[in-house]
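Numbered according to this note's numbering, the first sequence terminates at residue 860, and the numbering increases by one at each position without gaps.
Built from N, CA and C at the ideal position, the CB exists for glycine as well.
Please read the structure below before turning to the comments.
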Amino acid sequence: MAAPCVSTHPAASYSLKSCISNRQDPPSHFRADMTDTIAPTEQELLDQELARREKLERLRAAGIDPYPPRVERTHTAAEAIAAYREGQLGEEDVVKLTGRLVARRIMGKLTFAHIEDGSGRVQIMVRRDLLGAERYNEFFKKDIDLGDFVGVAGTMGVTRTGEVTCTVTDIQLLAKTLKPLPDKWHGLKDPELRQRQRYLDLLANPEVREVFRRRAAIVRALREYLDGEGFLEVETPILQPIYGGAAAEPFVTYHNYLHQQLYLRISFELYLKRLLVGGYERVYEIGRDFRNEGISHKHNPEFTQLEFYEAYTDYNGVMARTEEMLAYVAQKVMGSLKIPWGDEEIDFTPPWPRIPLRQAILDASGIDYEDYPDADSLRAVMRDKGLDAPADASRGKLIDKLLGHFVEPNLIQPTFLIDYPLDVSPLAKRKPGTRDTVERFEGFAGGMEICNAFSELNDPLDQLERFLAQRRDFDMGDKEAHPIDEDYVNALMYGLPPTGGFGMGIDRLTMLFCGQTNIREVILFPHLRPES
RNA sequence: GCACCCGUAGCUCAAUUUGGCAGAGCAGGCGACUCUUAAUCGUCGGGUUGAAGGUUCGAGUCCUUCCGGGUGUACCA
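This is how it looks when you write it as structure tokens:
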């Protein structure tokens, strides 16, 4: 394997350190002039920011702490409304509510407003006669802004229009905001701002908050399912001396004190299978993978992956488990096996169609890749059909290209494609009776690949041969070829039982369940270039 | 990586086609208003039009370069 530049240097640690110390500009978060941006002069403040700071000073001058250390809350917004509707709150019962002031309608001596907490919004009615003229006019109307966190005490009732409302007898500032909030009606739309300042996106757009609740529910359901099936959740290294388990370029990092080059993992596979050598029969891990590749609407440099490995099953068993697991998740998260997807509906009811990859490509493109036993002949027929077929692509990569072009976009309903080329599956077991096909499947839905699985190769000598083939690919320029992991081969020599393994991108599954077509919509803080 | 599109007030958007005083709503300041809910009414402030350069009497608008973002495409989950 060709090592990246740092380790080929005879004094690797020296070169990296000097590189750091020679950097012209220290990171901005260490710059002495940083206070300029955090503590701008008055001229640099917006008029609205100035107004809020003046209010802050007025409050302090009046002996009011704009950021008090604690507050008492008796109900969330939703709880207060529910309790009133269920008749648990009488006219005399005082509730204490907290939240962000998100809307305010001042009508002289009476004001209606809404506060929002984690449970939702509740209307409050603030009256001068209940609060006192001074407190109502000077404190509530003048020094409290939209966006501020407040605590109120009051009684629950209903307005003429029928909205359950808290009539306020006391109001307290909990946290002063110094910047104006996004538009109350349109929310925050600018996609760049939404991602760079996700907190604004979340506070302005409730539907975004729902996406990440649903994401959490999906992960919870996956854990529930796997735990219930006797799988052990484990954690394996993210910093790895040798990466592996997938075809991808890694991120490279460096341990300063061990003088060791390390990679951020691109998959969990080789570590998890070592655990089956160790005697566990069912293990899984949910965590972050890192791939040093292009960014797109389907790819973020770091993404969340689920992998599980199960002894004494094969890819057929894993397909059945996949169907069962995703049906469980759909039912648990969406309350149905059918989930909306654009104008259509994706039905996760088992079983899913199982189509040999060769057949699927033949049906969609008219090309039977078995007629083209080498890369050159397959490349020729693909180019005849006007497809982009790179000169350095292997036969397996060309087949994958056919899959991506002709088949994948049309697989809206959950579908398994089975039996993949061996040369792009160096960790999968050969399908009996074939020369260059492995027992591997990929699951598709919504026109996206969502999972990848196979009968795990457990023949150590075959595995070594496959690694050596990968090294030849790497030497030929395939930057994504697998490096040789000698310790993994060594582990196999102590015996890996027949095993089925599975990997699935959680981000893409979340896209599917949330009707999103861009991965950034399901990652709280997606990778962005630095601001200029 | 390549192609195309976008960047105007804190936010959402006009003005760009055909170069001619940079505007509206929300938000904000001041004032009125005790059942509103995108409250309403009056009034006022708020801009290095992403950055730099160029063409022009005159550039938000046309040209060049750069920065950031989006969409498509290529590879990968």
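My guess is that Ala655 and Pro678 are in contact by the Cβ rule of under 8 angstroms, so how many angstroms apart are they, rounded? 6 angstroms
Tell me which same chain residues have a C-beta within less than 8 angstroms of the C-beta of Val752, skipping the five on either side of it? Ala575, Ser722, Gly724, Lys725, Ile727, Asp728
Taking the runs of the alpha helix (DSSP H) that are 4 residues or longer, which of them lie wholly in the stretch 669-750? Counting only runs that start and end inside the stretch 669-750, the alpha helix (DSSP H) elements of at least 4 residues fall at 685-693, 703-712, 723-730.
Boundaries of the beta strand (DSSP E) in which Leu429 is found, first to last residue: 422-435
Within the continuous alpha helix (DSSP H) that includes Gly490, where are the two ends? Neither: Gly490 is in no alpha helix (DSSP H) and is coded neither H nor E.
Within 8 angstroms, do at least three Cβ pairs link the stretch 797-815 to the stretch 759-766? no
On the CB-based measure, 16 or more other CB atoms within 10 Å of its CB, does Phe853 come out buried or exposed? exposed
Kindly list the residues whose CB is nearer than 7 angstroms to the CB of Arg543, restricted to its own chain and excluding five residues on each side of it in sequence; keep chain order. Thr838, Val850
What's the call for Pro859, buried or exposed, on a 16-neighbour Cβ count within 10 Å? Residue identity check: residue 859 is Glu in the sequence provided, not Pro. Result: exposed.
From what residue to what residue does the alpha helix (DSSP H) around Thr650 run? 643-662
C-alpha gap between Thr845 and Asp747, whole angstroms: Per the coordinates, the alpha-carbon of Thr845 lies some 28 angstroms from the alpha-carbon of Asp747.
According to DSSP, simplified to helix, strand and coil, what is Thr497? strand
My understanding is that Lys807 touches Glu577, with C-beta atoms under 8 angstroms, so please give their C-beta distance in whole angstroms. Taking C-beta atoms under 8 angstroms as the contact rule, Lys807 and Glu577 qualify, at a distance of about 5 angstroms.
Three-state class that DSSP yields for Ile847 in the structure shown: helix
Looking at C-alpha atoms only, which residue of Pro508, Lys507, Tyr637 is the closest neighbour of Gly573? Tyr637
I'd like the span of the alpha helix (DSSP H) that includes Gly771, first residue to last. From DSSP, Gly771 is part of no alpha helix (DSSP H) but of the beta strand (DSSP E) over 765-773.
Would you tell me roughly how many angstroms separate the C-alpha atoms of Arg610 and Phe559, rounded to the nearest one? 5 angstroms
Is the distance from the Cβ of Gly318 to the Cβ of Val423 below 8 angstroms? The chain is shown only over 329 to 860; residue 318 falls outside these bounds and no answer can be derived.
Beta-carbon proximity list for Leu690, same chain, < 7 angstroms, skipping 5 on both sides: Asp696
Using DSSP with H/G/I as helix, E/B as strand and the rest coil, what is Tyr582? strand
Quick check on this structure: which residue in Ser705, Met776, Ala708, Met710 has the alpha carbon closest to the alpha carbon of Pro737? The shortest CA-to-CA distance from Pro737 to any of Ser705, Met776, Ala708, Met710 is the one to Met776.
Whole angstroms are fine: how far does the CA of Ser595 sit from the CA of Thr402? 46 angstroms
Gln877 to Arg707 span [Cα, whole Å]: Given a span of 329 to 860 for the chain in the structure shown, any question on residue 877 remains unanswerable.
So Tyr274 and Pro825 are in contact, right, with Cβ under 8 angstroms, and what is the actual spacing, rounded? This structure leaves residue 274 out entirely; the chain is present only between 329 and 860.
When you compare the stretch 506-523 with the stretch 413-427, are there three or more beta-carbon pairs, one atom per stretch, that lie closer than 8 angstroms? no
8 angstroms contact criterion, which Leu550 and Leu634 should meet: CB distance rounded: 6 angstroms
Taking only runs that begin and end inside the stretch 776-802, name each unbroken beta strand (DSSP E) of 3 or more residues, in chain order. Fully enclosed beta strand (DSSP E) runs of 3 or longer: 776-783.
Gln451 lies in the beta strand (DSSP E); which residues open and close that run? 448-455
Alpha carbons only, please: which of Trp669, Leu506, Leu665, Phe618 is nearest the one belonging to Tyr395? Leu506
When you compare only the Cα positions, how much space is there between Arg398 and Lys504? 14 angstroms
Cβ-based neighbour list, Ala658, same chain, cut-off 7 angstroms, excluding 5 preceding and 5 following: Ser664, Leu665, Ile667, Phe676
Could you tell me whether the Cβ atoms of Val454 and Phe467 are closer together than 8 angstroms? No.
Rounded to whole angstroms, how far is the Cβ of Phe405 from the Cβ of Asp375, which I believe are closer than 8 angstroms? The amino acid at residue 405 is misidentified as Phe; the sequence shows Ala. The pair is not a contact, with the Cβ atoms about 32 angstroms apart (cut-off 8 angstroms).
For Met647, which residues of its own chain have a beta-carbon under 7 angstroms away from its beta-carbon, when the five flanking residues on both sides are left out? The answer, listed in chain order, is Arg682, Phe744, Phe769.
For Gly556, is the classification buried or exposed, using 16 other Cβ atoms within 10 angstroms of its Cβ as the cut-off for buried? exposed
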